[in-house]
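Engineer: Pasting a structure here, questions to come.
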Amino acid sequence: MSHDSDPQPLTASPGSALRGSLRPPGDKSISHRAMILGLLSIGETRVEGLLEGDDVLRTAAAAKALGAGVERLGEGRWVVRGVGIGGMSDPAETLDFGNAGTGSRLMMGVVGGQPVTATFDGDASLRSRPMRRILDPLVRMGTEVVAEAEGGRVPLTLRGPREAIPITYETPAASAQIKSAVLLAGLNAPGTTTVIEAAATRDHTERMLRLFGAEVSVEAHGPGGHGRRIALTGQPSLRGTDVVVPADPSSAAFPLVAALIVPGSEVTIQGVMMNPLRTGLITTLIEMGADIERLREREEGGETVADLRVRASRLKGVDVPAERAPAMIDEYPVLAVAAAFAEGTTRMNGLHELRVKESDRLAAVAAGLKANGVAHLVEGDDLVVHGDGAAPRGGGTVATHLDHRIAMAFLVLGLATREPVTVDDGAMIATSFPSFLPTMRALGGRIAE
1 MSHDSDPQPL TASPGSALRG SLRPPGDKSI SHRAMILGLL SIGETRVEGL
51 LEGDDVLRTA AAAKALGAGV ERLGEGRWVV RGVGIGGMSD PAETLDFGNA
101 GTGSRLMMGV VGGQPVTATF DGDASLRSRP MRRILDPLVR MGTEVVAEAE
151 GGRVPLTLRG PREAIPITYE TPAASAQIKS AVLLAGLNAP GTTTVIEAAA
201 TRDHTERMLR LFGAEVSVEA HGPGGHGRRI ALTGQPSLRG TDVVVPADPS
251 SAAFPLVAAL IVPGSEVTIQ GVMMNPLRTG LITTLIEMGA DIERLREREE
301 GGETVADLRV RASRLKGVDV PAERAPAMID EYPVLAVAAA FAEGTTRMNG
351 LHELRVKESD RLAAVAAGLK ANGVAHLVEG DDLVVHGDGA APRGGGTVAT
401 HLDHRIAMAF LVLGLATREP VTVDDGAMIA TSFPSFLPTM RALGGRIAE
């Protein structure tokens with residue numbers, strides 16, 4: 001779908017309690033990586049539960065353009081026939097990633113380490129997002145930036161070397177995208193490529209590289225062991241494998257928070273990934289007093305998953321430490337919604353990374369809270385929300401800035417405010433949660449087009 005099409009406003013209204021069960025879409029991070037590592041492997045990679053949102057479909061199309069055989073077998077079932085490391089071919093056309101920040105940045109790492117030339121582009125939102133933080137380490141590894149828009153933004157063209165140069169790179173920010181781009185480029189480097197991060201970020205790339213046959217070591221690093229030192233042995237022989245994609249905790253966050261704030265609700269969310277580097281929101285909500293019960297913990301696709309039973313709860317304000325940000329970076333918009341219903345002050349510390357997401361999420365969340373009568377303030381990179389334990393007024397229209405998580409977060413807000421809440425555009429929700437509207441309506445949520 002195009003994100004430059006006519007806006008599709010949506011309005012959420014308060015109603016009855018939410019009831020029922022659901023399985024959220026497959027995890028977007030795992031889905032992107034399954035396609036990418038399938039491309040770089042020899043043999044077939046079969047994927048079950050792939051997120052068929054626009055972002056992942058763009059990555060699938062890019063993998064095909066670079067030489068992989070990519071075929072959809074049925075709903076969520078795909079096969080990728082890889083070309084192996086060094087086996088990619090120059091794409092005939094520009095790789096259009098639409099709104100997909102993760103897909104584009106990870107694929108820049110792939111192209112940047114391989115002897116191919118490719119041009120990357122995307123929609124208006126992606127064209128506004130900084131890519132220099134990805135390009136800088138890639139240039140050190142031998143990538144040539146042939147062309148770029150102002151400030152290192154897309155559209156840009158990369159030409160990779162015959163072999164990448166192995167480097168040791170300390171990431172300037174807690175970003176799994178930077179780490180992953182360097183590691184993916186390092187697959188075609190003789191020797192060891194090392195990434196050092198001051199705070200541990202989501203580790204799906206490391207886990208999946210091992211699943212496909214790469215040698216990756218991870219050690220605690222820095223004060224208190226909060227950081228990580230990740231070392232990849234280059235030029236492995238990656239083998240196609242089977243991947244079962246667990247349900248996305250970032251998508252599960254929206255029905256989860258809705259169930260907490262709509263009075264009388266009880267919802268079961270099935271098969272949610274419980275990777276400790278992705279469960280910061282659940283940890284925070286439980287600290288706030290949320291009634292969230294883990295059921296049937298099990299292993300799927302190399303990750304621990306569980307069903308979550310969630311009941312409406314009286315929440316209280318808490319202080320969210322900055323070091324938790326990497327484990328819940330995509331969930332702050334909907335946490336701000338939960339905080340609006342809590343009694344007391346919730347302070348979310350160290351949210352700089354929100355400023356370089358699909359939108360400046362920190363500014364967008366603050367504007368949405370203001371439009372709906374929620375007391376708050378932004379202090380530097382901290383967001384402070386003041387709640388009195390009662391439902392906020394609502395009644396506002398929220399500018400989404402082409403950001404799917406802003407749209408979904410404020411639709412969740414509108415399910416429990418005193419007056420309906422409108423988002424100016426919900427079209428881009430399809431990038432990560434294509435079934436969001438029917439899912440929420442099936443639970444009893446009132447969302448009108």
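Using my numbering, the first residue of the sequence shown is number 1, and each one after it goes up by one. Note that beta-carbon positions come from the ideal geometry of N, C-alpha and C, so glycine has one too.
Quick one: residues in its chain with C-beta nearer than 7 Å to the C-beta of P333, no 5 flanking neighbours on either side, listed in chain order?
Structural biologist: Position 333 of the sequence shown, counting from 1, holds the residue named residue 333. Only R361, V365, R405, I406 and A409 meet the Cβ criterion.
Engineer: Can you give the beta carbon distance from T143 to K179, rounded, assuming they're within the 8 Å contact cut?
Structural biologist: What you label residue 143 is simply residue 143 of the sequence shown in a count that begins at 1. What you label residue 179 is simply residue 179 of the sequence shown in a count that begins at 1. At roughly 16 Å, the Cβ-Cβ gap does not stay under 8 Å, so T143 and K179 are not in contact.
Engineer: Quick one: is A147 buried, meaning 16 or more other Cβ sit within 10 Å of its Cβ, or exposed?
Structural biologist: Stepping through the sequence shown from its first residue, residue 147 is reached at position 147. It counts as exposed.
Engineer: DSSP on G387, reduced to helix/strand/coil?
Structural biologist: Here residue 387 is taken as the residue at index 387 of the sequence shown, counted from 1. Residue state, collapsed to three classes: strand.
Engineer: Which value, in whole angstroms, describes the spacing of the CA atoms of L183 and M273?
Structural biologist: The sequence position of residue 183 within the sequence shown is 183, counting from 1. The sequence position of residue 273 within the sequence shown is 273, counting from 1. Near 23 Å, if we compare the C-alpha coordinates of M273 and L183.
Engineer: For V216, which three-state DSSP category applies?
Structural biologist: On the sequence shown, position 216 is the one that residue 216 refers to. Here V216 sits in strand by DSSP.
Engineer: For the beta strand (DSSP E) that contains H376, what are its first and last residues?
Structural biologist: The residue labelled residue 376 in the question sits at position 376 within the sequence shown. Counting along the chain, the beta strand (DSSP E) containing H376 begins and ends at A375 to E379.
Engineer: Only counting the same chain, and skipping five residues up and downstream in sequence, which positions put a Cβ closer than 6 Å to that of T59?
Structural biologist: Counting from one through the sequence shown, the residue named residue 59 turns up at place 59. Same-chain partners within the cutoff: H32, M35 and G103.
Engineer: With distances taken from CA atoms, which of V139, L383 and R309 is nearest D260?
Structural biologist: In the sequence shown, counting from the first residue as 1, residue 260 sits at position 260. A small correction: the amino acid at residue 260 is Leu; Asp does not occupy that position in the sequence shown. Considering only alpha carbons, the answer is R309.
Engineer: Using beta-carbon positions only, say whether P249 and E331 come within less than 9 Å of one another.
Structural biologist: As a first step, residue 249 must be located in the sequence shown, where it is residue number 249. As a first step, residue 331 must be located in the sequence shown, where it is residue number 331. The answer is yes: Cβ separation under 9 Å.
Engineer: So which of V243, V110, G222 and A198 has the shortest CA-CA distance to R207?
Structural biologist: Here residue 207 refers to the residue found at position 207 when the sequence shown is read from its first residue. When each option's Cα is compared against that of R207, the closest is V243.
Engineer: Could you tell me the alpha carbon to alpha carbon distance between P420 and A12, rounded to whole angstroms?
Structural biologist: As a first step, residue 420 must be located in the sequence shown, where it is residue number 420. As a first step, residue 12 must be located in the sequence shown, where it is residue number 12. When rounded, the distance between both Cα atoms is 6 Å.
Engineer: Quick check on the burial criterion: 16 or more other C-beta atoms within 10 angstroms. Buried or exposed for D123?
Structural biologist: Stepping through the sequence shown from its first residue, residue 123 is reached at position 123. Per the 10 Å Cβ criterion, buried.
Engineer: Can you tell which of L285, E379, M348 and A338 has its C-alpha closest to the C-alpha of L411?
Structural biologist: Here the question's residue 411 lines up with position 411 in the sequence shown. Of L285, E379, M348 and A338, the residue nearest in Cα terms is A338.
Engineer: Assuming contact is defined by CB atoms lying nearer than 9 Å, are L369 and A340 in contact in what I supplied?
Structural biologist: Position 369 of the sequence shown, counted from the first residue, corresponds to residue 369. Position 340 of the sequence shown, counted from the first residue, corresponds to residue 340. Yes, Cβ-Cβ distance for L369 and A340 is below 9 Å.
Engineer: Of the residues R347, R162, G280 and A247, which one's Cα is nearest the Cα of M88?
Structural biologist: For the purposes of this step, residue 88 is taken as residue 88 along the sequence shown, with counting starting at 1. The candidate whose alpha carbon is nearest that of M88 is R162.
Engineer: Just checking my contact of R229 with E219 at CB under 8 Å: how many whole Å lie between their CB atoms?
Structural biologist: For the purposes of this step, residue 229 is taken as the residue at position 229 of the sequence shown. For the purposes of this step, residue 219 is taken as the residue at position 219 of the sequence shown. Indeed they touch by this definition, with Cβ atoms about 5 Å apart.
Engineer: In chain order, what residues of the same chain have a beta carbon less than 7 Å from the beta carbon of V356, not counting five sequence neighbours either side?
Structural biologist: Start at 1 with the first residue of the sequence shown, and residue 356 comes out as number 356. Around V356: R129 and P130.
Engineer: Using CA coordinates, which residue listed in A63, F436, V398 and L39 is at the minimum distance from T422?
Structural biologist: What you label residue 422 is simply residue 422 of the sequence shown in a count that begins at 1. Here the closest residue by C-alpha is V398.
Engineer: Return yes when the Cβ of M107 is within less than 9 Å of the Cβ of A149, no when it is not.
Structural biologist: Here residue 149 is taken as the residue at index 149 of the sequence shown, counted from 1. Here residue 107 is taken as the residue at index 107 of the sequence shown, counted from 1. No. Outside cutoff.
Engineer: Name the DSSP beta bridge partners of L156, please?
Structural biologist: If you number the sequence shown from 1, residue 156 lands on position 156. According to DSSP, L156 bridges with F120 and E148.
Engineer: CA-CA distance, V139 and T268?
Structural biologist: Residue numbering aside, residue 139 sits at position 139 when the sequence shown is read from its first letter. Residue numbering aside, residue 268 sits at position 268 when the sequence shown is read from its first letter. When rounded, the distance between both Cα atoms is 47 Å.
Engineer: Going by the CB atoms, is the gap between L66 and G112 shorter than 9 Å?
Structural biologist: Here the question's residue 112 lines up with position 112 in the sequence shown. Here the question's residue 66 lines up with position 66 in the sequence shown. No, Cβ-Cβ distance for G112 and L66 is not below 9 Å.
Engineer: Taking the alpha-carbon positions, what's the S175 to G227 distance?
Structural biologist: Taking the first residue of the sequence shown as 1, we reach residue 175 at position 175. Taking the first residue of the sequence shown as 1, we reach residue 227 at position 227. Each residue's Cα considered, the two are about 12 Å apart.
Engineer: Using 8 Å as the cut-off, can you tell me whether the segment 321 to 331 makes contact with the segment 298 to 306, which would need three or more C-beta pairs spanning the two stretches below that distance?
Structural biologist: Touching, no.
Engineer: Between which two residues does the alpha helix (DSSP H) holding D330 run?
Structural biologist: Counting from 1 along the sequence shown, the entry for residue 330 is found at position 330. D330 -> no alpha helix (DSSP H), and no H or E assigned at all.
Engineer: Alpha carbon to alpha carbon, what distance is there between V47 and G26?
Structural biologist: Reading the sequence shown from its first residue, position 26 is the one you call residue 26. Reading the sequence shown from its first residue, position 47 is the one you call residue 47. One C-alpha to the other measures close to 11 Å.
Engineer: Hey, out of A371, P115, E379 and A199, whose CA is closest to M328's CA?
Structural biologist: The residue you call residue 328 lines up with position 328 of the sequence shown. Ranking the options by Cα distance to M328, first place goes to A199.
Engineer: Start and end of the beta strand (DSSP E) containing E343?
Structural biologist: Residue 343 sits at position 343 when you count from the first residue of the sequence shown. From DSSP, the beta strand (DSSP E) with E343 extends over E343 to M348.
Engineer: G86 and S41: beta carbons closer than 9 Å?
Structural biologist: For this step, residue 86 is matched to residue 86 along the sequence shown. For this step, residue 41 is matched to residue 41 along the sequence shown. No; because the gap between Cβ atoms is not below 9 Å, this pair is not in contact.
Engineer: Which one of P246, V374 and L232 has the shortest CA to CA distance from D388?
Structural biologist: Walking along the sequence shown from the start, residue 388 turns up at place 388. The residue with the shortest Cα to Cα distance from D388 is V374.
Engineer: Among the residues of its own chain, which have a CB less than 7 Å from the CB of L18, if the five just before and after it don't count?
Structural biologist: In the sequence shown, the residue the question calls residue 18 occupies position 18. So the list reads A258, A259, V262, S265, V267, L443, G444 and G445, once near-sequence residues are dropped.
Engineer: Counting along the chain, where does the beta strand (DSSP E) carrying V257 start and finish?
Structural biologist: Walking along the sequence shown from the start, residue 257 turns up at place 257. No beta strand (DSSP E) contains V257, which is instead part of the alpha helix (DSSP H) from P249 to I261.
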